[in-house]
Each structure stands twice: as C-alpha cells, then as structure tokens.
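Notes to accompany the following structure.
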Amino acid sequence: MKERIIWVLWPAFITAAVTEMLFFAFIDPGEIHLFGNPLELSKTGAYSLFFFFFWVMGACASALTCFLQRSPFELNRCPLDAGGRPPGCPKRLGGACAIDQG
Amino acid sequence: MASEPSDASAMAHSGNPLKVVRPLAGQASEQDLYAIRQKIYPRAVHGWFAAWRTALVLATQLVFYGLPWLTWNGRQAVLFDLVERKFYIFGLVLWPQDFIFLTGLLVISALALFLFTAVGGRLWCGYACPQTVYTEIFLWIERMVEGDRLQQMRLDKQPLGARKVGLKVLKHALWIALALWTGFTFVGFFTPIHVLLAEVRSFALGPWESFWILFYGFATYGNAGWMREQVCEYMCPYARFQGVMFDRDTLTVTYDAARGEPRGARARSIDPKSKGLGACVDCGICVQVCPTGIDIRKGLQYECIGCAACIDGCNQVMDKMGYARGLIRYSTENIVSGAVAADQVVKRVFRPRVLIYGSVLSIIVVAWVAGLAMRTPLKVNIIRDRTTLVREVEDGRLENVYRLQVMNAQERAHRYQVSVTGAVPMEVILDAPLQVPGAATLTFSVRVRAPGETLKRGSNPVQFHLTAVDDAAIAAHEKSVFFAR
C-alpha cells in the first residue's frame with residue numbers, strides 16, 4: 097500500500113510541475129476570476145494552490161490507473177485468510193481454491 | 002505488490018530482465034517507499050573521475066547558492082519574479098510573451114542531454130544531476146560525522162547509546178541545516194533574496210515562502226539523505242528511457258571480462274597466468290564504492306548511473322597489484338566485443354546518430370541566440386476604444402480613439418513617437434507623451450484624425466508605427482482599423 101501511494105503521488109507531482117509552468121506561462125493569476133469575482137489571494141498563494149490542485153488531479157488519474165490495473169486474481173481473492181472463513185465455506189481448509197491459486 | 006521482492010519489481014518495471022545484485026546482504030534492511038531496501042554504504046573513492054565529480058559538485062553549487070546574491074543594475078541579477086511576471090537574467094528581462102525562449106531552452110536542454118548520452122552514457126546522472134550532487138554532499142557530511150564505510154556499518158549495528166544518538170543527531174542536524182539553506186536559496190530565485198533574508202531575521206516570513214522553503218528543504222533532505230539511489234532506480238523517468246539513446250558505440254562504464262576472468266584472489270608476487278587467473282582479484286571494491294550497490298562485472302545495468310566510482314576504485318587496486326589500469330573503464334559494446342578496434346573510439350563518436358543530434362542542436366541554439374539578440378524590446382497592443390466608434394470633430398474630420406498598451410522590455414526608460422499610416426494622411430493626437438519607464442507596461446489614450454470624405458464607409462486598415470526617440474532601432478508596427486461613416 098505504501099508503494100501504491102508513492103506510485104500515485106510522484107508521477108502526479110511531475111505532471112503538476114509541468115502543468116503549472118504551461119498554465120501560468122499564458123495566464124496571469126491576477127486575472128483569474130472565480131464566479132465573476134477576482135481571486136482573494138496573493139499571486140504567490142494562487143501559484144501555490146493551483147500547483148496543489150494540479151497535483152491532486154494528477155494523483156486522481158494515477159490512482160484510477162492503479163485501481164483499474166488490478167488483475168482478476170486480485171479482484172477475486174478472498175479477503176479472509178483460510179482459517180477465518182465461515183463454516184461450510186469450500187475455501188475454508190487450507191485455502192484450496194482454484195481462484196486463489198490462480 | 003507489497004510482498005514482491007525488489008528484484009522482481011525492478012524487473013517488471015524496467016522491462017529488462019536484469020538481475021539486481023544486493024551484495025551487502027546481512028545489513029539492516031529498511032522497508033522503504035518503493036521496495037524492501039538494504040542501506041547502501043558507498044565507500045569513499047579517490048581518483049580522476051571522483052575529482053571531476055567533486056569539481057562539478059562545487060561548480061554547480063557555487064552557481065546555485067551564489068547566483069541569487071549577485072546584483073545587476075541595482076537589482077537581483079537572476080530573479081524569476083512570479084508576482085510581477087518578469088524574469089530577470091542579468092541584462093535580460095523576459096516577459097510572459099517571451100515564453101517561446103523558455104520552451105526553446107527546454108528543447109535545447111533535452112537535445113543536449115540526448116547528445117551527451119549518445120556519446121558518453123549517463124554523464125548527466127553521474128556528475129551533474131542534483132540528485133547525485135546532493136547525495137554526494139550528504140555523503141560527505143555523513144562521513145565527516147560517522148566516519149568511513151566500516152565505521153558507519155559498525156555504528157548502525159550498535160545498540161542505541163549516548164555516542165550513537167549524539168552522532169545521529171549531529172548528522173541529521175547538519176543535513177537539515179543544509180537542506181533548509183537549499184530551500185531558502187531556491188525560494189530566493191523567486192522572491193528577492195535580500196528581502197527574504199530580512200524577513201527570516203525578523204521572523205516575518207510570509208506563509209507561502211515559509212511553506213516552499215520547508216517543502217524544498219524537506220525534499221532535499223529526504224532525497225539526498227534517505228532516498229538516494231532509489232530516486233534513480235524508481236522515480237527518475239530519464240533513468241528509464243536513457244537506454245534508447247545508447248547504441249553499440251556509446252561509451253559506458255564497462256568491465257573488461259575477457260581480461261578480468263576468471264577472477265580470484267592471489268598473492269601480488271605471482272603471475273596470474275600461471276594460476277589460470279585473469280586480472281580481477283575479486284576484492285569487491287567496485288561493489289563497495291557503487292552508490293547504487295550493483296556489481297558492474299555483471300554487465301551494464303539500468304541502475305548504473307555512470308558515476309565511474311568503480312573505475313577509480315579498480316584503478317587503485319590495479320596500481321597496488323602492479324597491473325595495467327582500465328580493467329573497468331569507459332568503453333563501448335563494439336570495442337569490448339572486438340567488432341571495432343580500440344583506437345577507433347574517437348572516430349566512432351562521429352556516427353550518424355551523434356551527427357544528427359549535434360546538427361539539430363546547433364541549428365536550434367543558433368536560432369535561439371539569434372532570436373534573443375534580435376528581439377525588439379518594445380511590444381505594442383492596440384485596443385480600439387469601444388465606447389465611441391467614430392465621431393466628427395470641429396474641422397469636419399473623423400476621429401477614432403485607441404488605447405495603446407506599450408511594453409518597454411528594456412531596463413532603461415524610453416520615450417516613443419507614434420505615427421499612423423493609412424489610405425489618407427492621418428494625424429495623431431497624444432494626451433500625454435509616450436514615456437515608459439524601464440521594464441514596465443503603460444497604457445495611453447491616442448486619438449487619430451483623418452479626413453472622412455476620402456475614406457470608405459466602415460473599417461479602413463491602418464498601421465501604427467512606434468519608434469523610440471533615443472534609438473531608432475527600437476520600433477514596433479501594429480495593424481488596426483479606422484472606422485469611417
């Protein structure tokens with residue numbers, strides 16, 4: 097799980113840095129309007145918050161990629177270990193399950 | 002994923018079934034961000050390549066830490082002023098309109114990287130990359146505090162005691178101090194550094210400046226103190242694709258297996274041939290000095306950052322043994338396989354791939370420099386006044402009103418004269434002289450009058466001409482329209 101977090105955050109950080117550069121090369125943060133009103137933020141604040149916004153959006157894309165990338169094996173796997181399965185479960189003893197051994 | 006051994010995950014992601022060697026088994030292992038990691042204790046190395054790396058560490062850091070303190074024309078010489086949206090680079094002032102030059106610079110950097118990589122492998126990674134440079138500096142501090150490689154390993158195995166805690170605290174305090182200074186310098190490229198220093202001294206640092214100093218400082222501390230080779234192995238996109246720039250004539254750090262094998266320990270006095278041995282004494286120095294912990298004798302691996310520490314290490318051993326240097330050296334796949342003679346190495350540099358990279362790079366550099374040199378330090382935007390399209394003045398002529406946005410991209414003030422040309426003679430009436438201070442943009446209201454009877458109804462094309470009074474070379478020409486009725 098710890099590895100997943102860094103796999104999600106790091107590529108998002110790189111793309112956020114590039115997006116920030118491209119976006120603000122063309123747009124002056126002083127000219128951004130929110131619902132018709134100018135942003136009540138210093139330019140430094142706008143640069144910073146937009147960077148985090150880009151980072152979060154990039155992280156969403158990376159996280160979705162990680163989520164959709166899971167194999168059928170991972171999706172079908174029983175979350176309980178062999179001993180903890182309810183009585184009568186065919187997978188109860190020794191985890192003798194075709195899917196689990198996939 | 003979590004249970005996969007590091008070897009398997011490295012293979013899966015590099016797409017290249019390279020065996021990852023972990024030569025320091027038995028050391029304390031750390032569960033780190035990417036994979037179970039054994040701490041690598043690179044042994045200090047001296048030699049020609051290590052000296053080059055030290056020189057580059059000093060040169061790059063002198064530039065990085067020193068540049069924000071230089072002044073030019075009474076302001077910071079290099080300042081990327083994001084709030085004013087102006088980049089000052091010595092005598093040059095770049096505006097958002099000059100974005101093309103930044104793009105050009107990035108293209109030039111990328112192509113230069115391709116060129117250097119095709120010729121000499123990962124020269125960037127081994128000598129100039131900030132990750133390498135800061136790791137090197139952090140290793141110096143580590144060695145200064147904890148001692149050499151063996152002393153560090155011994156210290157880490159010791160139970161926690163006063164001495165160990167003291168040394169660890171001292172090391173981390175020095176690391177953090179350097180990291181914070183690095184963060185401060187980084188922010189000093191975007192906020193005038195003297196102002197920043199005064200703010201730090203009076204504890205009046207703005208929230209965002211504080212945040213970015215801490216953020217960059219933390220990244221430096223984490224990457225150079227803790228992550229180290231993992232940044233190159235798992236995080237760096239360039240490390241993954243640099244292989245495509247390699248070919249059989251690329252100079253890489255290479256172990257001469259034909260000369261070295263069979264490896265084995267021997268006394269200095271004996272002739273290795275009599276024992277059936279090659280030149281490699283199997284001392285393991287090449288592995289101990291490697292900052293990524295690989296064994297170069299297993300061939301080129303994607304973890305190799307091309308730092309040539311193993312070359313320096315091995316050469317020292319060869320000297321001690323009285324053997325020829327260069328058992329590990331910069332060589333090419335073609336030379337090692339015998340396809341190309343060793344004296345052809347320079348000639349082979351001038352191969353199509355290098356010539357193409359080189360010529361594209363030269364063309365772009367020339368175009369970039371020429372573009373920058375010929376850039377007119379004056380930009381004009383003409384906005385027609387929307388309230389009154391056209392009106393008739395006392396003498397019967399028609400008048401249009403324009404707003405001129407004049408951007409003076411030079412640092413000294415200029416006064417401009419303006420004229421307008423069209424199908425008929427046009428008169429320009431200024432409310433105020435077009436005087437613009439250095440590196441500033443001002444907007445002026447300009448009225449233009451023309452005899453209406455000779456103009457067609459509707460819009461008539463006109464052209465505005467602005468010229469600096471003190472320098473006729475600074476001129477701008479902008480199109481607009483004159484409405485007639």
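Protein chains in written order, with our numbering: chain A, 97 to 198; chain B, 2 to 486. Glycine residues also receive a C-beta, built at the ideal position from the N, C-alpha and C atoms. Quick caveat: nothing in here was measured; it's all calculated off a predicted structure.
Item	Value
Classification of N172 of chain A by the beta-carbon crowding that lies within 10 angstroms, buried from 16 upward	exposed
Secondary structure of A256 of chain B, DSSP reduced to three states	Note on residue identity: the sequence assigns Tyr, not Ala, to residue 256 of chain B. Reduced to three states, the DSSP call for Y256 of chain B is strand.
Under 7 angstroms between C-beta atoms of C308 of chain B and G127 of chain B	yes
Contacts that G141 of chain A makes with chain B (C-beta to C-beta distance below 7 angstroms)	W209
Where the beta strand (DSSP E) containing D82 of chain B begins and where it ends	79–82
Residues of its chain near L25 of chain B, where Cβ-Cβ distance is below 6 angstroms and the 5 sequence neighbours each way are ignored	With a pLDDT of 45 at L25 of chain B, under the threshold of 50, the predicted position of this residue should be treated as unreliable, and no value is reported.
Residue of B:G122, B:V425, B:D471, B:F445 minimising C-alpha distance to G453 of chain B	B:V425
Euclidean distance between Cα positions of P168 of chain A and C185 of chain A	21 angstroms
Cβ distance (whole Å) where T293 of chain B is taken to contact E230 of chain B below 8 angstroms	4 angstroms
Min CB distance W151 of chain A to chain B below 7 angstroms	no
Any chain B beta carbon closer than 7 angstroms to S144 of chain A	yes
Beta-carbon neighbours of P97 of chain B, restricted to chain A and to distances below 8 angstroms	A121, F122, D124
Reduced DSSP secondary structure (H/G/I, E/B, other) of Q132 of chain B	helix
Candidates B:A225, B:L390, B:L95, of which the one nearest A410 of chain B by Cα	B:L95
Nearest residue (CA-CA) to C233 of chain B, options B:V134, B:G189, B:V146	B:V134
Beta bridge counterpart(s) of A469 of chain B as assigned by DSSP	B:Y417
Neighbour flag for F190 of chain B against chain A, beta carbons, 7 angstroms	no
6 angstroms Cβ shell around M427 of chain B - same chain, five flanking residues per side excluded	V421, V449, A451
R44 of chain B vs R150 of chain B beta-carbon contact at 7 angstroms	yes
Start and end residues, beta strand (DSSP E) containing Y89 of chain B	87–90
Three-way DSSP call (helix, strand, coil) for E137 of chain B in this model	helix
Exposure of T388 of chain B, with buried meaning 16 or more beta-carbon neighbours within 10 Å	exposed
Given 8 angstroms, three or more beta-carbon pairs between the segment 352–364 of chain B and the segment 108–122 of chain B	yes
Beta carbon proximity, M408 of chain B to chain A, threshold 7 angstroms	no
7 angstroms Cβ cutoff, F483 of chain B in contact with chain A	no
Coil, strand or helix - G459 of chain B by DSSP	strand
W209 of chain B classed as buried or exposed, judged by whether at least 16 other C-beta atoms fall within 10 angstroms	buried
Stretch-stretch touch, CB-based, cutoff 8 angstroms, three pairs: the segment 209–221 of chain B with the segment 73–80 of chain B	no
Chain A within 7 angstroms of F100 of chain B, Cβ atoms only	yes
Cutoff 6 angstroms; reference Q436 of chain B; Cβ partners in own chain excluding five residues on either side	R416
Per-residue burial, V370 of chain B [other beta carbons within 10 Å of its own, 16 or more giving buried]	exposed
Simplified DSSP assignment, three categories, for Q159 of chain B	coil
Buried or exposed (CB count within 10 angstroms, at least 16 for buried), V104 of chain A	buried
For W49 of chain B, the three-state DSSP class (helix, strand or coil)	helix
Exposure label - M236 of chain B; buried when at least 16 CB within 10 Å	buried
Bridge partners - R385 of chain B, DSSP secondary structure assignment	B:Y403
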